[in-house]
């Protein structure tokens, strides 16, 4: 028994003396609870919507006010044509548009029924569903209030149209998310490990003392993973199209080009991490903590970003996969072209340039 | 111009609480075509010194040049022209013998064929295994491969950091024979080792301990500077003998050296009689006493004490 | 010295598939002896030692250590031996006294006994004032000496030392051997492997393994006579050169 206890004591000492790991062991659960408890939620609120009111009568305005006042919705724009709606969706500014036909109230009074059209961006089918349900319940409430003192009830029907993903397939939002995740994993983690392994094994010493320029060492490390990633991308796309039934609506070449760009961004991150890490274990750990998890949480494919508290929304802007997710969705699901994604592309290009620049600048040409 | 010049190199590193002086102001030069040995135990500063000279580490202060190039400002030129074999095995375990050699030849802008003559002697011994993964080789074979990879670009100076550590006695001997054959090619060789007996295989040596040079000279001269007469003594009960001798006030040191103990007295007089007395006083049987010439280890130990 | 045998081995063999790592070795070690167990890398030394320490089951043959059978009683063997190797001996992130206390506890010493031993050890190794120093901060030579002392803290019948003096400065090496001599004088049997051939000469008897067999076993003096060699180094080289197997 004594032997057992002394062994336990020894193990305790080991843990206690490794401050860094201890810190993570204690604080990580705290951070997780706070994140999951407060910040990350599937609950939909403050979703951006637009209203196209072709009637502008008492009824339509009353419903519009209710909707705008609701905490689920955030009215960003009043649009004045279907074309406008299309453009606004393409710009990714809204998740749903509400369309009141002309003579809304008149129809209601004279025929006891009217229709409202709800158009939702179903590239994220869950959110789309939730939003249309919320909207419908608000409309129903209004309908109830009208029917209070009526003999013949009024009915307001909501006609729902799911854009981009009429069958509300979960895979539509899932596939782009997985692409971002896989590329991040393969490129960042594997590249950083590959570079650090060289340091750990001692071969880095030998190749530093050679005519080989450090910059070339980095690129040479990254290139194989670039190819592996391309293979991965193609595999994922093939599976998506033929097995999951997710179409590639937009240009395939643009898709590949953007994916390649994101791959390079991830590789640069991997290189940056490897500069600081001394062991493969810490490289892997840093990759997981600082990239894999944020990608999962902040790219927008599991938890819509607009549902997060403001500070987290700001943080999500720094996560490259957030921008990539938007780009992929726009091209693959919404069939949009370069014109729609050039801003996000530029952001990714900027991030890549900065990351590569820092990594190369900070690459250790000496051991210490 | 001398291939390696070291002036007052100081190197520190800090752990959590203290600053350790790894090198406390080292100076020496190496002549062309020499085999220059850096002899000292673990922690003496050998690896730090090598890393500074191969431009992998910056010294706190001091200056060093290799082939006339400064290790700090001209590191690129140095890296193009030296051969380096660091302490532990540092080749690619999952590449074959030939793949490793080809890799190193190529990054030095040359090919195996170009300088084959230079490594032929050594490579021929491992050539039968050229498709075997480097990780599957024995210690001695790995060493030979590492040497080939360091030589393949015909370096002007070769830095070998403890190449014989952990290798069996036979391979060690063969390795030094290979180094001597390389001398004929006018390659300057700096080699570090913790094995004192390897000092006699070098042209000149620097004895290093705790970051300081105890002596820099030919092995012969170092031995020549050992002024005090050295005695070897043995008897049946070696441990008791050692304690008895060490207890005598006239004795400076008594250390076991295999079959004999080596005894140094505090003063220069020859002390056969003193030893005989101690042996008799301790009732020792089968006593044998003789004067001997010191070896490098005797000198190192004496210098360590000063 | 009594000629009580602390190790007996008879045709001890270990096979890994087709590969015979240790090939029918037969030898004895007497109590209080300093026994040098030499051989080139790949000759089978480490495998043989592991069998004797109860860490590896032999394929065939017999052996006893401290009177206990290596097949059936290896728990008892482990209680009665000490072990130290160059690669690992102490926990670097624990202090000197924590290491002593830990190993003492593992070997089943009482608290009082551990305390007494601890004080003795610290004094003997001149580590006064360093009890709370982390082992990683000690110079190599002191680490090795401390590791050895801890390996025998429970006064085992025999202690196995696997290349204990690698890389240490020559003075510390000899101080280490001073500790070994002292332990041997106390009746602890020492079973040591080393690459330093002059250390082989400190041993009472030496065995040299080549290609899994023991090719020589005698006192250093006799071996040097038999092989007409001036030193154990020469004896070793003559034998090792004949080796077919050097890991290739």
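Chains as they are written, first to last, in this note's numbering: chain A, 356 to 723; chain B, 2 to 307; chain C, 2 to 249.
By construction, the Cβ of each residue, glycine as well, lies at the ideal position given by its N, Cα and C atoms.
When Cβ pairs closer than 8 Å are counted between the two stretches, the region 31 to 44 of chain C is seen to touch the region 166 to 173 of chain B, the count reaching three or more.
Cβ-Cβ distances below 6 Å link residue 406 of chain A to 419, 433 and 453 in the same chain, with the five nearest sequence neighbours on each side left out; the list follows chain order. Around the Cβ of residue 634 of chain A, a 10 Å sphere holds fewer than 16 other Cβ atoms; the residue is exposed. Counting other Cβ atoms within 10 Å of its Cβ, residue 167 of chain C reaches 16 or more and is therefore classed as buried.
Residue 284 of chain B and residue 177 of chain C have their C-alpha atoms spaced approximately 26 Å apart.
Taking the CA atoms as reference points, residue 234 of chain B sits about 34 Å from residue 139 of chain C. Counting along the chain, residue 115 of chain C sits inside the alpha helix (DSSP H) bounded by residues 112 to 125. At a C-beta separation below 7 Å, residue 42 of chain C has these neighbours in chain B: 139, 140 and 169.
For residue 581 of chain A, the enclosing alpha helix (DSSP H) begins and ends at 569 to 594. Counting only Cβ-Cβ distances below 8 Å, residue 562 of chain A has contacts in chain B at 108, in chain order. Ranked by Cα distance from residue 13 of chain B, the options B:287, B:215 and B:45 are led by B:45.
The Cβ of residue 567 of chain A sits closer than 8 Å to at least one Cβ of chain B. Three or more pairs of CB atoms, one per stretch, sit closer than 8 Å, so the region 548 to 565 of chain A contacts the region 72 to 85 of chain B. Residue-level contact check: residue 95 of chain C touches chain A, since one or more beta carbons of chain A fall below 8 Å from its beta carbon. Three or more beta-carbon pairs separated by less than 8 Å are not found between the region 539 to 553 of chain A and the region 695 to 706 of chain A, which leaves the two stretches without contact. The residues 459, 462, 463 and 511, in chain order, have a CB closer than 6 Å to that of residue 469 of chain A in the same chain once the five nearest residues on each side in sequence are set aside. Of all residues in the region 615 to 647 of chain A, none is placed with a Cβ closer than 8 Å to any Cβ belonging to chain B. Our two residues, residue 84 of chain B and residue 48 of chain B, have alpha carbons roughly 15 Å apart in a direct line. Burial check for residue 531 of chain A: the Cβ neighbour count within 10 Å reaches 16 or more, so the residue is buried. The region 184 to 196 of chain B and the region 26 to 42 of chain B touch, with no fewer than 3 CB-CB distances between them shorter than 8 Å.
Closest in alpha carbon position to residue 56 of chain B, among B:91, B:198, B:194 and B:160, is B:160. For residue 255 of chain B, the secondary structure class from DSSP, reduced to helix, strand or coil, is strand.
Residue 126 of chain B and residue 137 of chain B have their C-alpha atoms spaced approximately 16 Å apart. Residue-level contact by beta carbon holds for residue 85 of chain B and chain A, with a gap shorter than 8 Å.
Straight-line measurement puts the Cα of residue 193 of chain C at about 25 Å from the Cα of residue 20 of chain C.
DSSP, read as helix, strand or coil, puts residue 429 of chain A in strand.
With a threshold of 8 Å between beta carbons, residue 143 of chain C makes no contact with chain B. By the CB criterion at 8 Å, residue 23 of chain C and residue 92 of chain C fall outside the cutoff. Neighbours of residue 16 of chain B in chain C, taken as residues at a C-beta separation under 8 Å, are given in chain order as 138.
For residue 490 of chain A, the three-state secondary structure derived from DSSP is helix. Look at residue 249 of chain B here: in three-state DSSP terms it is coil, with no helix or strand label. Scanning chain A for C-beta atoms nearer than 8 Å to the C-beta of residue 107 of chain C yields 358, 361 and 362, reported in chain order.
80, 81, 83, 85, 87, 89, 91, 92 and 93: these are the residues of the region 80 to 104 of chain B whose beta carbon lies less than 7 Å from some beta carbon of chain A, given in chain order.
DSSP places residue 188 of chain B outside any alpha helix (DSSP H), giving it a letter other than H or E. Taking all protein chains in view, the Cβ of residue 87 of chain C is crowded by 16 or more other Cβ atoms within 10 Å, so the residue is classified as buried.
If you look at residue 206 of chain C, you'll find it in the beta strand (DSSP E) that goes 206 to 211.
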